[in-house]
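Numbering (my numbering), first residue to last: 2 to 140.
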């Protein structure tokens with residue numbers, strides 16, 4: 002339920018204190034973004050509105066980073082379960098892990114926190130880059 006989702010985001014933020022909380026701006030994400038920004042002003046919320054609506058296309062775009070070995074996987078049971086869910090995508094009943102990973106990697110690439118040589122030639126410019134530039138740099 003939505004109240005459970007909101008409570009989980011707040012609890013996870015308080016426990017882990019991430020630099021950014023990336024939330025896809027669709028379905029319950031719209032309300033979640035608004036509620037968190039209104040009632041938890043210190044939380045670093047970033048609205049993610051991907052240019053490509055297809056989860057498979059986003060995963061494909063983000064997978065370049067994985068193939069280049071630029072992601073570290075800790076030797077933990079939760080990490081193994083996360084990787085297994087990503088490896089089974091798109092032929093599994095669950096797509097949360099690959100979708101989360103794709104959003105994060107696309108965000109990092111567009112914020113120039115994670116670069117690849119071919120990034121200079123890509124024409125994939127998502128809404129994340131525009132939103133973050135506007136929010137953090139006044140653009």
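Note that CB positions come from ideal geometry on N, CA and C, so glycine has one too. Note that the coordinates shown come from a computational prediction; the quantities given were computed from them, not determined experimentally.
With burial defined as no fewer than 16 other Cβ atoms inside 10 Å of the residue's Cβ, what is the status of residue 157: buried or exposed? It is not possible to answer for residue 157, since the shown part of the chain is limited to 2 through 140.
Decide if residue 4 is buried, meaning its Cβ has at least 16 other Cβ atoms within 10 Å, or exposed. The residue given as residue 4 occupies position 3 in the chain shown. By the 10 Å Cβ count, residue 4 comes out exposed.
Quick check on the burial criterion: 16 or more other C-beta atoms within 10 angstroms. Buried or exposed for residue 47? For the purposes of this step, residue 47 is taken as the residue at position 46 of the chain shown. With 16 or more Cβ atoms within 10 Å of its Cβ, residue 47 is classed as buried.
Rounded to the nearest angstrom, what separates residue 11 and residue 21 at their Cα positions? Indexing the chain shown from 1 puts residue 11 at position 10. Indexing the chain shown from 1 puts residue 21 at position 20. So the alpha carbons of these two residues sit roughly 13 Å apart.
I need the straight-line Cα distance from residue 56 to residue 40, nearest angstrom please. By one-based count along the chain shown, residue 56 stands at place 55. By one-based count along the chain shown, residue 40 stands at place 39. Straight-line Cα distance between these residues: approximately 30 Å.
Uninterrupted beta strand (DSSP E) stretches inside the stretch 34-103 (no shorter than 3 residues): 46-49
Please name the residue or residues paired with residue 12 in a DSSP beta bridge. Numbered from 1 along the chain shown, position 11 holds the residue referred to as residue 12. Residue 12 is not bridged to any residue.
According to DSSP, what are the bridge partners of residue 22? Sequence index remark: in the chain shown, residue 22 carries index 21 (1-based). DSSP output for residue 22 lists 46 as bridge partner(s).
Is it the case that the stretch 76-83 contacts the stretch 56-67, given that we only count it when at least three CB pairs across the two stretches are under 8 Å? no
Return the CA-CA distance between residue 66 and residue 19, expressed in angstroms with no decimal places. Residue 66 sits at position 65 when you count from the first residue of the chain shown. Residue 19 sits at position 18 when you count from the first residue of the chain shown. Looking at the two C-alpha atoms, the distance is approximately 21 Å.
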